[in-house]
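In what follows, a single structure is set out as structure tokens and then discussed.
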Amino acid sequence: MGSETSSLGENIGDWGVPEASPSGTYGADTLAMPDGTSIFYRYWRVADPAAPALVFVHGLGAHTGWFIDMGNQLSRRGVNVYMDDHRGFGRSGGPRGHVRQGAIYLEDLRQVLTHVKSLHASAPLFLCGHSMGGIFSIYLAAADSAQAAPALSGLILINPWIKDSVKVKPAALLGTLVGGMTGSDRLFKREVDTKQMTMVPAATRMLNTDSYWVRHQSQSFLFQVTLLRQRVLGQARRVGTPALVIQTEGDKTLVQVATRQCYEQLGSKDKTWKTYPGLAHDFEFEPERESLDSNLADWVLAHATHA
Numbered sequence: 000m001g002s003e004t005s006s007l008g009e010n011i012g013d014w015g016v017p018e019a020s021p022s023g024t025y026g027a028d029t030l031a032m033p034d035g036t037s038i039f040y041r042y043w044r045v046a047d048p049a050a051p052a053l054v055f056v057h058g059l060g061a062h063t064g065w066f067i068d069m070g071n072q073l074s075r076r077g078v079n080v081y082m083d084d085h086r087g088f089g090r091s092g093g094p095r096g097h098v099r100q101g102a103i104y105l106e107d108l109r110q111v112l113t114h115v116k117s118l119h120a121s122a123p124l125f126l127c128g129h130s131m132g133g134i135f136s137i138y139l140a141a142a143d144s145a146q147a148a149p150a151l152s153g154l155i156l157i158n159p160w161i162k163d164s165v166k167v168k169p170a171a172l173l174g175t176l177v178g179g180m181t182g183s184d185r186l187f188k189r190e191v192d193t194k195q196m197t198m199v200p201a202a203t204r205m206l207n208t209d210s211y212w213v214r215h216q217s218q219s220f221l222f223q224v225t226l227l228r229q230r231v232l233g234q235a236r237r238v239g240t241p242a243l244v245i246q247t248e249g250d251k252t253l254v255q256v257a258t259r260q261c262y263e264q265l266g267s268k269d270k271t272w273k274t275y276p277g278l279a280h281d282f283e284f285e286p287e288r289e290s291l292d293s294n295l296a297d298w299v300l301a302h303a304t305h306a
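In numbering that gives the first Met the number 0, the protein residues as written are 0 to 306.
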């Protein structure tokens, strides 16, 4: 594990300034994976030793800098927050946007969850995935639910990447399929429209200068993630942990009815469906996000008392 820091020293791609909760701490660190890859993560620790711990999992191309303001808000509401940059993204190690096996992301996340649990051994543990992070989170929650003593007290999905609204030309799709099956690191380049992500001008300006944003991914990466996505509804049926599923109604990136289908497929007996009018796919940039933060924290705290 790398040396702990109280700040990052620079704020490229950061949405917000990291702030600790009263009597709490904020920091950043790295965690070494079994293959030696360094995974960067941020944490907000609150003063209450019994407070729940939430591990947040970002989506495609993103990194934890985009979710700093969200981390600030959740910690102020009494939740320990941890979030890592996926390998090949943000400040973590690994080839940019490229893997040959999608399962490595599930193993990395399992390592992060184990690490967080070791730091908060007696606290309820929650997993929250946004977009692609929602896919990874469903797999981890399904595997956890099969254990004799599950580690997770709850699963939160925000705009999970079940089905795209973006159309890809058949020729490009075929090329990605062939390249993906052979493990190609050739990048699949497509025009990235920030209007699909957010309509907040300040966020657009930040994104346009964000060198940590991995705009393009390899054919192998996209093929591997597609395989995970194709099987995710089957995994959802295996989830037994309490679940909160959130869909922002201003999301132009995903097919929203597919998110509802995912919710209905979840095997959880205790599950809640929430929608938020007006918020975009990348809700983290929206100034009207306060109710989402509050509802999410309230749900975690309520389920922490039942853990």
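Cβ atoms here follow ideal geometry from the backbone N, Cα and C, with glycine treated the same way.
Do you know how far the Cα of residue j is from the Cα of residue i?
i	j	result
Thr4	Ser152	Unreliable placement is indicated for Thr4, whose pLDDT of 31 sits below 50; the coordinate value is still reported in the next sentence. When rounded, the distance between both Cα atoms is 29 Å.
Glu135	Met82	Checking the displayed sequence, the identity of residue 135 turns out to be Phe instead of Glu. Rounded to whole angstroms, Phe135 to Met82 spans 14 Å at the Cα level.
Asp68	Lys194	20 Å
Ala120	Tyr104	23 Å
Phe220	Arg95	10 Å
Arg76	Asp292	9 Å
Arg90	Ile38	8 Å
Ala49	Val299	13 Å
Met180	Lys166	21 Å
His302	Asp281	26 Å
Tyr211	Trp272	32 Å
Arg86	Gly93	5 Å
Label residue i either buried or exposed according to how many other C-beta atoms from any shown protein chain fall within 10 Å of its C-beta, with 16 as the threshold for buried.
i	result
Pro200	exposed
Leu173	exposed
Gly178	buried
Gln234	buried
Val256	exposed
His305	exposed
Asp297	exposed
Leu124	buried
Arg204	exposed
Gln100	exposed
Tell me residue i's beta-bridge partners as DSSP assigns them.
i	result
Trp43	Tyr25 and Val80
Trp272	Val244
Cys127	Phe55 and Ile155
Under the assumption that residue i contacts residue j (Cβ atoms under 8 Å), give the Cβ distance between them as a whole number of angstroms.
i	j	result
Lys251	Ser130	In fact, because the Cβ distance is near 13 Å, the residues do not count as touching under 8 Å.
Val115	Ala31	Not confirmed; about 15 Å, so no contact.
Leu126	Val54	5 Å
Gly23	Ala46	5 Å
Within the chosen definition, does the segment 107–119 reach the segment 228–239 through at least 3 CB pairs nearer than 8 Å?
no
Taking one C-beta from the segment 267–283 and one from the segment 208–225 each time, how about it: are there three or more such pairs within less than 8 Å?
no
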